[in-house]
Every structure is written in structure tokens, then in C-alpha cells.
Amino acid sequence: DISRMLEDGSLPPGGAAQLVAALHERLFDSNWSVIEKCLLLIRTLVSECDDDMNALVGVQLLGGIVAKVSDSKVVVRKAASQALTAYMNTSANQVAALQCLIKQGIESPEWKQRQAALLFLSLSSTPLDAADLSQRDLVRSVVTCFLDQHDV
């Protein structure tokens with residue numbers, strides 16, 4: 020059980036990096052059920068991990084989680100939103116998480132990704148504690164997105 024291993028520190032040396040690398044691979048699996056389970060595991064992981072593991076998740080998985088917020092499967096989108104919310108709630112660097120959402124979501128060249136990121140931001144469960152520090156970037160990106168005439 021991952022939760023128990025995180026609590027008692029019984030991950031083997033280098034185990035955290037190996038775990039995150041394996042999750043990264045599964046995040047881009049062709050089977051949506053595998054992706055959903057991976058995202059649910061990431062949600063559990065970030066809810067119970069230490070700052071080092073959280074930073075590792077931020078560097079290696081955050082972009083993939085943001086990308087899955089616009090997945091074609093509703094269960095994957097929901098799991099991605101839950102994982103992203105959990106990460107944003109527990110991350111020591113919430114500004115970086117919000118910046119990732121802005122850059123890879125709202126400023127994405129793909130309309131579907133921009134729309135999903137804006138929808139995620141509008142959810143009442145989305146933690147926006149870091150929005151004060153990123154307010155200028157957030158407002159600029161949202162306004163630019165709304166003014167974009169492409170893909171309308």
C-alpha cells in the first residue's frame with residue numbers, strides 16, 4: 020500500500036523517483052482505465068507525501084496532469100481535476116502549479132485545452148491561494164483566451 024510506504028518511509032532508496040517515472044509512463048498509456056487509476060494514485064500520493072516527493076511530482080507529472088484535464092474520457096478528466104486539486108492544495112509551490120496551468124492550459128494553442136483549463140479554474144474546489152501572486156499572468160491569459168477568435 021503506497022500510503023503505508025509513504026507514512027513509514029519504507030520506499031526503497033531511489034524508490035520515489037522510480038515510482039514517479041512509472042506513473043509518468045502510465046499517464047500516457049493508451050488505455051483510459053490505466054490513466055484514470057494512475058491519476059487517482061497521483062492524487063493519493065500528493066495528498067500524503069513529503070515536500071521532496073511533492074516537488075518530484077511537480078517537475079515530472081504536473082504537465083501531464085494538466086494535459087489530462089481536457090481528456091476525451093470524462094472519468095479521466097475528473098481524475099485529473101482531482102489530482103490537480105490535491106497537488107495545488109498540498110504543494111509548497113502553489114505559484115508554480117498555477118503557472119503550469121496558465122502556460123499549458125489557458126495559453127495552450129489547442130482550444131480544447133484552454134477551455135478545460137478555464138473550466139477547472141471555475142470549479143469551486145479549485146484552490147486559488149496562489150492567484151494573488153500570479154494575478155497579472157492569470158488575468159492576462161484569461162483575457163487573451165476570451166479575445167481569441169480562432170477555433171470559435
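All residue numbers for the sequence shown refer to the working numbering, where the first residue is 20 and numbers rise by one.
Note that the Cβ used here is the ideal one computed from N, Cα and C, for glycine as well.
All of these numbers come straight from a predicted model, not from anything done at the bench.
Helix, strand or coil for residue i? Go by DSSP, reduced to three states.
i      : result
Asn112 : coil
Lys87  : helix
Leu59  : helix
Ser127 : coil
Thr145 : coil
Val171 : For Val171, the pLDDT reaches just 48, beneath the cut-off of 50, and the residue's location in the model is therefore unreliable, although a value from the coordinates is still provided. DSSP places Val171 in coil when its eight states are reduced to three.
Ser66  : helix
Ser160 : helix
Ser49  : coil
Leu97  : It should be noted that the sequence gives Lys, not Leu, for residue 97. In this structure, Lys97 counts as helix in the three-state DSSP scheme.
Lys92  : coil
Gln37  : helix
Alpha helix (DSSP H) containing residue i: first to last residue?
i      : result
Gln132 : 130-141
Ser153 : It is not in any alpha helix (DSSP H) - Ser153 carries neither H nor E in the DSSP assignment.
Asn73  : 70-79
Throw me the rounded Cβ distance for the residue i and residue j pair, which I believe falls under 8 Å.
i      : j      : result
Phe139 : Leu103 : 7 Å
Tyr106 : Val76  : 7 Å
Ser100 : Leu142 : 7 Å
Leu42  : Ile61  : 6 Å
Ile125 : Val161 : 6 Å
Ala115 : Met72  : 15 Å between Cβ atoms; not a contact.
### Message
Assess contact between the region 125-137 and the region 85-93, defined as three or more Cβ pairs (one per stretch) separated by less than 8 Å. Is contact present?
### Response
At 8 Å Cβ cutoff, the stretches touch.
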